[in-house]
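Trainee: Quick one: structure below, then a few questions.
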Amino acid sequence: MTENGPDTKKQKMSSSLAQLRKYTVVVADTGDFEAMKKYKPTDATTNPSLILSAAGMPQYKHLIEKAVAYGKKTGKHPVRGEKRRGQSCCRAERSVPSDVTSEWSSKAKISRAYHLAHVGWLPAVVTLEDQVEAAIDKLFVLFGAEILKIIPGRVSTEVDARLSFNKTGSVAKARKLVKLYEELGVQKERILIKLASTWEGIQAAKELEEKYDIHCNLTLLFSFAQAVACAEAGVTLISPFVGRILDWYVANTDQKSFKPSEDPGVVSVTKIYNYYKKFGYKTVVMGASFRNVGEILELAGCDLLTISPKLLEDLDSSTDSVDLALSDKTARKSDLEKVTLDEAAFRWEMNEDQMATDKLSDGIRKFAADSRKLEKTLKDLLAKS
Numbered sequence: 000m001t002e003n004g005p006d007t008k009k010q011k012m013s014s015s016l017a018q019l020r021k022y023t024v025v026v027a028d029t030g031d032f033e034a035m036k037k038y039k040p041t042d043a044t045t046n047p048s049l050i051l052s053a054a055g056m057p058q059y060k061h062l063i064e065k066a067v068a069y070g071k072k073t074g075k076h077p078v079r080g081e082k083r084r085g086q087s088c089c090r091a092e093r094s095v096p097s098d099v100t101s102e103w104s105s106k107a108k109i110s111r112a113y114h115l116a117h118v119g120w121l122p123a124v125v126t127l128e129d130q131v132e133a134a135i136d137k138l139f140v141l142f143g144a145e146i147l148k149i150i151p152g153r154v155s156t157e158v159d160a161r162l163s164f165n166k167t168g169s170v171a172k173a174r175k176l177v178k179l180y181e182e183l184g185v186q187k188e189r190i191l192i193k194l195a196s197t198w199e200g201i202q203a204a205k206e207l208e209e210k211y212d213i214h215c216n217l218t219l220l221f222s223f224a225q226a227v228a229c230a231e232a233g234v235t236l237i238s239p240f241v242g243r244i245l246d247w248y249v250a251n252t253d254q255k256s257f258k259p260s261e262d263p264g265v266v267s268v269t270k271i272y273n274y275y276k277k278f279g280y281k282t283v284v285m286g287a288s289f290r291n292v293g294e295i296l297e298l299a300g301c302d303l304l305t306i307s308p309k310l311l312e313d314l315d316s317s318t319d320s321v322d323l324a325l326s327d328k329t330a331r332k333s334d335l336e337k338v339t340l341d342e343a344a345f346r347w348e349m350n351e352d353q354m355a356t357d358k359l360s361d362g363i364r365k366f367a368a369d370s371r372k373l374e375k376t377l378k379d380l381l382a383k384s
């Protein structure tokens, strides 16, 4: 009521999304620019599956064309010491003498070529496979650069999942992606390199962080052991999955539904968050892979949450209250004890955790499959160009 009678104006309630933002940095889990413009996330994440989906949309055709043109023109230029895929040896060229790159039929020049190969001077041979690899890398970076024009924060760009057990290859690929970003004027502070949370991926991230000041996002994280190893490696950020953990328990146990607070994915991320905060790790936690709004609300207060456009829409259209669920204060009161893991202990803990082992392997296979699909698309376009 007012002095003049009933107040007919209803006070506008804040959306659940707006309330969530008071406690947590909201990240868009999509490659769709329009969704980002609508929900205005701080950061964004991408992966091969999301890029594959976005690449099929007509509004992103120009990015595909740019990537194909880059692949056609550039191909792969090895660096000294790099081993080319499918070859037993390749010591890269620096500046190959012109007489070696022409008229190879001459015996003298063939002899000269063998000598140059022996000392590490090889001409670049650009194959269609090389062009596809260059185009894929460029496409990921083009999407990321466009995303950074929309959001104020950082974008996560993923290293090829097929390098998940190759530390050296992961480091090289990460550095290449960062270089491509820098060529577009994007500073590396706005980039997170995504790596699978295998032992090799975690150690690659450690080297990238310490040696090259490249910040990393460790993904496909399903276990406490993975989280501990990431924290000890000093990585910038981890993406523990929620929904995929729930999927496994629904598929492999007798319990087919869970209250949000008892959701095994929520329980996992809560434990990881509490452990990090209790023991003062700088690595931040970004919950990922959600199946419903309930999971998200149970993690309000987590450093970051990466959310799909569908669930962002659900949160934005809801006015349900959002309460703080995770905090440094409650984390410090937890009864968790400090854990240290070397490689042997890490591998044993993963071996004993069937869910984490299953989902990590499954996630790598799925991302690799989508990478192959994307490669085929670009390979067909390159072959026609």
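Counting in numbering that gives the first Met the number 0, the sequence shown runs from 0 upward without gaps. Even glycine gets a Cβ: it sits at the ideal position worked out from N, Cα and C.
1) Quick one, are the C-beta atoms of THR44 and VAL26 less than 8 Å apart?
2) Establish whether the CB of VAL292 and some CB of chain B are separated by less than 8 Å.
3) Of the residues VAL265, THR73 and GLU157, which one's Cα is nearest the Cα of ASP28?
4) Evaluate contact between the region 260 to 270 and the region 231 to 244, counting only Cβ atoms and requiring at least three cross-stretch pairs below 8 Å.
5) Below 8 Å on the Cβ atoms is my contact criterion, and I expect ALA224 with MET349 to pass it. Report the Cβ-Cβ distance as a whole number of Å.
6) DSSP puts THR218 in a beta bridge; with which residues?
7) Note down, one range per segment and in chain order, each alpha helix (DSSP H) of at least 4 residues found wholly within the region 336 to 380.
8) Evaluate the contact criterion for the region 181 to 188 versus the region 196 to 207: three or more CB pairs, one atom per stretch, below 8 Å.
9) Can you name, in chain order, every residue of its own chain whose Cβ lies under 7 Å from the Cβ of ALA230, other than the five neighbours on each side?
10) What's the gap between the Cα of THR167 and the Cα of ILE213?
11) Can you check which of these residues, ALA343, VAL284 and LEU323, is closest to GLY233 by C-alpha distance?
12) Roughly how many angstroms lie between the CA atoms of THR305 and GLY286, to the nearest whole one?
13) Just to check my reading of the structure: ILE154 and LEU147 have Cβ atoms closer than 8 Å, yes? What is that Cβ distance to the nearest angstrom?
14) Relative to the ligand GDP, is the shortest distance from any of its heavy atoms to the C-beta of THR305 smaller than 7 Å?
15) Can you grab the Cα-Cα spacing for the pair ARG174 / ALA367, in whole Å?
16) With distances taken Cα to Cα, identify the nearest neighbour of ALA54 among ALA133, SER370 and ALA195.
17) Helix or strand or just coil, what does DSSP make of VAL125?
18) Any idea which residues DSSP pairs GLU157 with across the strands?
19) Need the endpoints of the alpha helix (DSSP H) that ASP28 sits in, please.
20) Suppose you measure from the CA of THR197 to the CA of PHE139; what does that come to, to the nearest Å?
21) Give a yes or no on contact between the region 326 to 335 and the region 349 to 358, applying the rule of three or more CB pairs nearer than 8 Å.
22) Below 8 Å on the Cβ atoms is my guess for SER14 versus SER317; work out the distance and round it to an integer in Å.
23) Count the other C-beta atoms from every protein chain shown that fall within 10 angstroms of the C-beta of GLN254, then say buried if there are 16 or more, exposed otherwise.
24) Going by Cα to Cα distance, which pick from VAL268, PHE142, LEU323 and VAL338 is closest to ILE63?
25) Report the option in ASN273, SER384 and GLN58 whose CA atom is closest to the CA atom of LEU335.
26) Would you mind giving the Cβ-Cβ distance between VAL177 and ILE190, rounded to the nearest angstrom? I have them listed as a contact below 8 Å.
27) Residue ranges of each alpha helix (DSSP H) run of no fewer than 4 residues wholly in the region 229 to 293, ordered along the chain?
28) Can you tell me where the beta strand (DSSP E) with ASP435 in it begins and where it stops?
29) How would you write the range of the beta strand (DSSP E) that ILE306 sits in, first residue to last?
30) If you measure between the beta carbons of SER238 and THR218, is that distance less than 8 Å?
31) Which stretch, first to last residue, makes up the alpha helix (DSSP H) that contains ARG20?
32) Tell me which residues share the same chain as PHE385 and place their Cβ nearer than 7 Å to its Cβ, disregarding the 5 neighbours each side in the sequence.
33) Classify LEU127 as buried or exposed, calling it buried when 16 or more other Cβ atoms lie within 10 Å of its own Cβ.
34) Whole angstroms is fine: what's the gap from GLY70's alpha carbon to LYS383's?
35) Between which two residues does the alpha helix (DSSP H) containing LEU49 stretch?
36) How is the alpha helix (DSSP H) around ASP322 delimited, first residue to last?
Mentor: Taking the coordinates as given:
1) Contact: yes.
2) Given the protein chain composition of this structure (a single chain), no chain B is represented.
3) GLU157
4) As far as the Cβ criterion goes, the region 260 to 270 touches the region 231 to 244, which means the pair count is three or higher.
5) 6 Å
6) ALA195
7) Runs of the alpha helix (DSSP H) inside the region 336 to 380: 342 to 351.
8) Here the region 181 to 188 does not lie against the region 196 to 207, with fewer than 3 beta-carbon pairs under 8 Å apart.
9) Here the set comprises TYR275, TYR280 and THR282.
10) 15 Å
11) VAL284
12) 6 Å
13) Correcting the residue type first, residue 154 is Val in the shown sequence and not Ile. Going by Cβ atoms, the distance from VAL154 to LEU147 rounds to 6 Å, so yes, they are a contact pair.
14) The ligand GDP is absent from the structure shown, which contains no ligand whatsoever.
15) Distance from the CA of ARG174 to the CA of ALA367, rounded to the nearest whole angstrom, comes to 20 Å.
16) SER370
17) coil
18) LYS193
19) From DSSP, ASP28 is part of no alpha helix (DSSP H) but of the beta strand (DSSP E) over 24 to 28.
20) 22 Å
21) The region 326 to 335 vs the region 349 to 358: no contact.
22) 6 Å
23) Looking at its Cβ environment, which holds fewer than 16 other Cβ atoms inside 10 Å, GLN254 is exposed.
24) PHE142
25) In this structure, ASN273 is the residue among ASN273, SER384 and GLN58 with its C-alpha nearest to the C-alpha of LEU335.
26) 6 Å
27) 242 to 251 and 263 to 277
28) Nothing about residue 435 can be read from this structure; the chain reaches only from 0 to 384.
29) Residue range 303 to 306 is occupied by the beta strand (DSSP E) that includes ILE306.
30) With contacts defined as CB atoms closer than 8 Å, SER238 and THR218 qualify as a contacting pair.
31) ARG20 -> no alpha helix (DSSP H), and no H or E assigned at all.
32) What the structure shows of the chain is the stretch from 0 to 384, and residue 385 is not part of that stretch, so it cannot be assessed.
33) exposed
34) The straight-line gap from Cα to Cα measures roughly 13 Å.
35) 47 to 54
36) No alpha helix (DSSP H) holds ASP322; DSSP gives it neither H nor E.
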